[in-house]
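Asker: Sharing a structure, written as structure tokens. Questions coming.
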Amino acid sequence: MPPKAKANLNSPTPKKAAGSGASGTGASTSNNNNSSSSAKATPAPKSLIVRPAPPQAAKSAMKIFLAADALKALGVASGDLVHLAKAGADRRGIIVAAASGTADQAADIVLITDRLRRVMGLLLGDRVDVTLHAKHPEYAAKVVVSAPVEVCEGEGAAALKEAAAKTLHDVGIVMPGFSFAEGEQELTIVDAAGLPDLKQLSLSDNALDAYRERSNLLTPIFFFDKKKTTVELTSRTRINADLPPQVSYSGIGGLAKQIALLKSKIELPLHRPSLFQRFGMAPDRGFLLHGPPGTGKTMLLRAVAAETNAHVLTINGPSIVSKYLGETESALRGIFAEAVQYQPAIIFVDEIDALVPKRDSDESGEAESRVVSTLLTLMDGMGAGGQVVVVGATNRPNAIDPALRRPGRFGQELEIGIPDAEGRLDILRLMLRDMPHELTEENIVELAGKTHGYVGADLAALCRDAVMAAIQRGLAAGTPEDELAVATSDVDRALVDIRPSAMREIFLETPKVYWTDIGGQDDVKQKLRETIEWPLSHPDTFKRLGVHPPKGILLYGPPGCSKTLTAKALATEAGLNFLAVKGPELFNKFVGESERAVREIFRKARAASPSIIFFDEIDALSSTRGEGEAGGDRVLTSLLNEMDGIEALVGVTILAATNRPEVIDPALMRPGRLDRLVYVAPPNVSARLKILEIQARKMSLADDVDLTQLAARTDGCSGAEVVALCQEAGLKAMNEDLEITGVASRHFEAALTGLKRGITREMVEHYESFSKEGIE
């Protein structure tokens, strides 16, 4: 919410502000010339710490309060207009009036009202820069104020405009983004324009943008005068300014449980520590947020800081690390000292794993060990009665020194995981709330359902790409700018490029294969649907009957019978995150690295669940233990533990394929691991006919080609050999004539003469006997 101003605001009127600004400039110049020794004695502070203005200053809507020494050092007199900007690379800010603060105010403190802090998105504890603003602002010719539709069109609109004009005249300085209350109505300035330049006699279309850029402002500033400025009411809410987004609990989607826990765990120790003293117990002082990147850890902490109105000190991992001995520890002690001085305070340590790694790890040296020890000492010394909370955030919780992860330090660990379908729906609704779009509620629900593994940052990127697609489509079609809106086709285009960030390292762009692209194998398709699709589409039935969905499927059969193709079709049809693992790529010559690769694959699959891990040619990984090399045995043991070990495998399905099922270790094919062993037999006549029909749709065939006859004559062929027959016939036709219009029967006859069948009767009998002995 932007700042509120009441009707009795005690801010400078336009004439007073303009006069004080002029006299202030002269006074500050005189001070600099006549008191140079005093200026040297009190150097201007590099940046000022934001603190709340006292309650009696609440009526001063457009004022900040500085100590007398700070005003003198900055060359600013009380009443001057100053430029207030957040310290850092972005120097854009707002224009306010400077005023003298309290007698005991420190020189590095600036007191800012809650209204101004919300306009700039500032938190208590942020650093800001204050500089003299010498340019005289223009008078506003028009101020557009946002109000509810019923108010704009009601009978009291004229009276409301008159009351708003009086309030803004009392305020004196106005700008887009400024909000005030008039009676029971909440009004916000959404636009303002200056009086015409006397030299140009008219304002160009880009005058406002040019003024904003020249003045380095987040929002343009104007003087208001009832005689020169008109007020208009509008129902639109979009503000013509580059104000920073307001971070609050209501703007975060998919984290309702985490927000409720943080509010109960952080707000009470900060604002009501006496409750804990009554029971003689110290509240939790440390919280560790962990989870994949992009899930909203940093945003959540900024929302907590904004909502609790606490002094915030942020440490960004390596930002305080110094090459000189002892400086890093000294910086940490200074941050904790400031937190104690301005409590209630929150110390937020982002990427904490880079600052305090395990002391016995390869990443830790002597300097890191000293930092860990210093942080341990500081957290233990906060005491039971203080109002200081330390919050760390990381996506590598196991890389932090274990001494920090105990009660009394980071005793509370809160996982900010990948959102589920309900969380993704909540996030998408928030993102689409202020965006022109044509998506129905059903479209949004469907989008949330098929974006498995997407974190909040992925969904934001998805919406951004959808907007880009909508803009490009609109420009190509000549659509007016005010009629542009995101359509479902734009979202579909964005889905092709935006993939889950948790899967980005191991994602494989598999060809789009559908069940209709596979001829026959209806029994295999049905079993895969039961295993993969039913747990997602009918979870209540499984829960009601107390049935656990199968964890894994082993597809076995002769080579070329569509085992791998079936896995690709399953990945496409199910719409799940698909991880394809090639056996040899897991092996590493260094001891322990192969096992780590197996653990990493399952960790990412759990994080991006629901997902499928496909092991092609799994016999290369899972030969019977004792019959292969020791490295292979260790990999197999890791695979067994991940599939059905102490840590439950939830939301992950294992799909494996092999043409040598007899060499696989029996422990892998027991219930609970590879539950279902599915025999993918060579295609029969009807299946071969379907394969030929699928190929015929992609080819140009002559009228004399009889697919039924070809299906009968390819008895004993695998699906791959039937496809190869069609390709060979096409090559024969091209050899005959490059200008030929279609593949004829004679070309298939020629291809049949050279066709070699790789599946023997003994091979089929071997697989059939294994299927009878195995568990089907």
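With our numbering as the guide, the letters of the sequence shown map in order to residues 228 to 1003.
For each residue, glycine too, the CB sits at the ideal point set by N, CA and C.
1) DSSP state of I643, grouped into three classes?
2) Can you give me the C-alpha to C-alpha distance between P239 and S501, rounded to a whole angstrom?
3) Taking just the CA atoms, how far does S327 sit from R278?
4) Check whether the stretch 504 to 523 touches the stretch 453 to 461, counting contact only when three or more Cβ pairs, one atom from each stretch, lie closer than 8 angstroms.
5) Which class does E822 belong to by DSSP, given the choice of helix, strand or coil?
6) Just to confirm my understanding: we take P910, look at its own chain, exclude 5 residues before and 5 after, and list those with CB closer than 6 angstroms. What are they?
7) Give the secondary structure of D843 by DSSP, where H, G and I count as helix, E and B as strand, and everything else as coil.
8) Of the choices P634, S728, L659, whose alpha-carbon is the least far from that of V694?
9) Give a yes or no on contact between the stretch 836 to 851 and the stretch 880 to 887, applying the rule of three or more CB pairs nearer than 8 angstroms.
10) What number of angstroms, rounded off, separates the C-alpha of G773 from the C-alpha of L792?
11) Would T541 and L497 qualify as a contact pair, given that the criterion is a beta-carbon distance under 8 angstroms?
12) Of all the alpha helix (DSSP H) runs that stay within the bounds of the stretch 458 to 545, which reach a length of 4 or more residues?
13) Based on DSSP bridge pairs, tell me the residues matched to F407.
14) How is N815 classed by DSSP in three states: helix, strand or coil?
15) What residue range does the beta strand (DSSP E) around H310 cover?
16) With G705 as the anchor, note down where its beta strand (DSSP E) starts and where it stops.
17) Suppose contacts are defined by Cβ-Cβ distances below 8 angstroms. Is V617 in contact with M606 by that definition?
18) So what does DSSP say about H396, is it helix, strand or coil?
19) Please classify A408: is it buried, with 16 or more other beta-carbons within 10 angstroms of its beta-carbon, or exposed?
20) Suppose the cutoff is 6 angstroms on Cβ atoms and the five residues either side in sequence are ignored; what does the same chain contact list for T758 look like?
21) Considering only C-alpha positions, which residue in the set L916, A697, S716, P898 is nearest to E708?
22) Could you give the distance in angstroms between the alpha-carbon of G352 and the alpha-carbon of S477?
23) Alpha carbon to alpha carbon, how far is V309 from I448?
24) Go ahead and pull the three-state DSSP assignment for G561.
25) Note down the Cα distance separating E1007 from I276, rounded to an integer number of angstroms.
26) When the Cα atoms are used, what is the spatial distance from T256 to G302?
27) Here's the rule I'm using: 16 or more other beta-carbon atoms within 10 Å means buried, otherwise exposed. How should L866 be labelled?
28) Pull up the DSSP beta-bridge partners for Y906, would you.
29) Need the endpoints of the alpha helix (DSSP H) that G957 sits in, please.
30) Which runs of the alpha helix (DSSP H) fall wholly inside the stretch 651 to 688 and span at least 4 residues, in chain order?
31) Buried or exposed: which applies to H363, given that a residue is buried once 16 or more other Cβ atoms fall within 10 Å of its Cβ?
32) Which residues in the same chain as L937 place their Cβ atom closer than 7 angstroms to its Cβ, once the five residues preceding and following it in sequence are excluded?
33) On the three-state DSSP scale, how would you describe R984?
34) Would you mind reading off the limits of the beta strand (DSSP E) that contains T885?
35) On the criterion of 16 or more Cβ atoms from any shown chain inside 10 Å, does K388 qualify as buried, or is it exposed?
36) Would you call the stretch 914 to 933 in contact with the stretch 947 to 955, where contact means no fewer than 3 C-beta pairs closer than 8 angstroms?
Answerer: Here's the rundown:
1) In the sequence shown, counting from the first residue as 1, residue 643 sits at position 416. Note: I643 maps to coil in three-state DSSP.
2) Numbered from 1 along the sequence shown, position 12 holds the residue referred to as residue 239. Numbered from 1 along the sequence shown, position 274 holds the residue referred to as residue 501. Low confidence applies here, because P239 scores a pLDDT of 40, under 50, leaving its location unreliable; read the following figure in that light. Whole-angstrom Cα-Cα distance: 42 angstroms.
3) Residue numbering aside, residue 278 sits at position 51 when the sequence shown is read from its first letter. Residue numbering aside, residue 327 sits at position 100 when the sequence shown is read from its first letter. Roughly 14 angstroms between the two C-alpha positions.
4) no
5) Residue numbering aside, residue 822 sits at position 595 when the sequence shown is read from its first letter. Helix.
6) Within the sequence shown, numbered from 1, the residue matching residue 910 stands at position 683. So the list reads G747, G946, once near-sequence residues are dropped.
7) As a first step, residue 843 must be located in the sequence shown, where it is residue number 616. Three-state result, D843: strand.
8) In the sequence shown, the residue the question calls residue 694 occupies position 467. The candidate whose alpha carbon is nearest that of V694 is L659.
9) yes
10) Start at 1 with the first residue of the sequence shown, and residue 773 comes out as number 546. Start at 1 with the first residue of the sequence shown, and residue 792 comes out as number 565. Answer to the nearest angstrom: the Cα atoms are 33 angstroms apart.
11) Along the sequence shown, one-based indexing puts residue 541 at 314. Along the sequence shown, one-based indexing puts residue 497 at 270. Not in contact: T541 and L497 (Cβ atoms no closer than 8 angstroms).
12) 483 to 489, 495 to 498, 501 to 506, 524 to 535
13) One-based indexing of the sequence shown puts residue 407 at position 180. BP columns for F407 point to L414.
14) Translated into positions along the sequence shown, residue 815 becomes position 588. Coil, per DSSP.
15) Your numbering for residue 310 matches position 83 in the sequence shown. Counting along the chain, the beta strand (DSSP E) containing H310 begins and ends at 308 to 313.
16) Here residue 705 corresponds to residue number 478 of the sequence shown, with the count starting at 1. Premise fails: G705 is in no beta strand (DSSP E) and is neither H nor E.
17) Counting from 1 along the sequence shown, the entry for residue 617 is found at position 390. Counting from 1 along the sequence shown, the entry for residue 606 is found at position 379. It is a contact, given that the beta carbons lie within the stated cut-off.
18) Within the sequence shown, numbered from 1, the residue matching residue 396 stands at position 169. Of the three classes helix, strand and coil, the one that applies to H396 here is helix, per DSSP.
19) Residue numbering aside, residue 408 sits at position 181 when the sequence shown is read from its first letter. A408 is exposed by the Cβ-count criterion.
20) Here residue 758 is taken as the residue at index 531 of the sequence shown, counted from 1. Here the set comprises P777, I780.
21) By 1-based counting over the sequence shown, the position of residue 708 is 481. Considering only alpha carbons, the answer is A697.
22) Sequence index remark: in the sequence shown, residue 352 carries index 125 (1-based). Sequence index remark: in the sequence shown, residue 477 carries index 250 (1-based). So the alpha carbons of these two residues sit roughly 23 angstroms apart.
23) If you number the sequence shown from 1, residue 309 lands on position 82. If you number the sequence shown from 1, residue 448 lands on position 221. Near 12 angstroms, if we compare the C-alpha coordinates of I448 and V309.
24) Numbered from its first residue, the sequence shown carries residue 561 at position 334. Residue state, collapsed to three classes: helix.
25) Any question about residue 1007 goes unanswered here, given that the chain covers just 228 to 1003.
26) For the purposes of this step, residue 256 is taken as residue 29 along the sequence shown, with counting starting at 1. For the purposes of this step, residue 302 is taken as residue 75 along the sequence shown, with counting starting at 1. Below a pLDDT of 50, predicted positions are generally treated as unreliable, and T256, at 37, falls in that range; no measurement from the model is reported.
27) Locating residue 866 in the sequence shown gives position 639, counting from the first residue. It counts as buried.
28) The residue you call residue 906 lines up with position 679 of the sequence shown. BP columns for Y906 point to Y783.
29) For the purposes of this step, residue 957 is taken as residue 730 along the sequence shown, with counting starting at 1. Where G957 is concerned, the enclosing alpha helix (DSSP H) stretches over 946 to 963.
30) 668 to 677
31) The count along the sequence shown starts at 1 and reaches residue 363 at position 136. Under this definition H363 is an exposed residue.
32) If you number the sequence shown from 1, residue 937 lands on position 710. Cβ neighbours of L937 beyond the five flanking positions: L919, F975.
33) Along the sequence shown, read from residue 1 onward, the residue named residue 984 stands at position 757. Three-state result, R984: coil.
34) Along the sequence shown, one-based indexing puts residue 885 at 658. Taken as a continuous stretch (DSSP letters only), the beta strand (DSSP E) holding T885 covers 879 to 885.
35) Start at 1 with the first residue of the sequence shown, and residue 388 comes out as number 161. Label assigned to K388: buried.
36) yes
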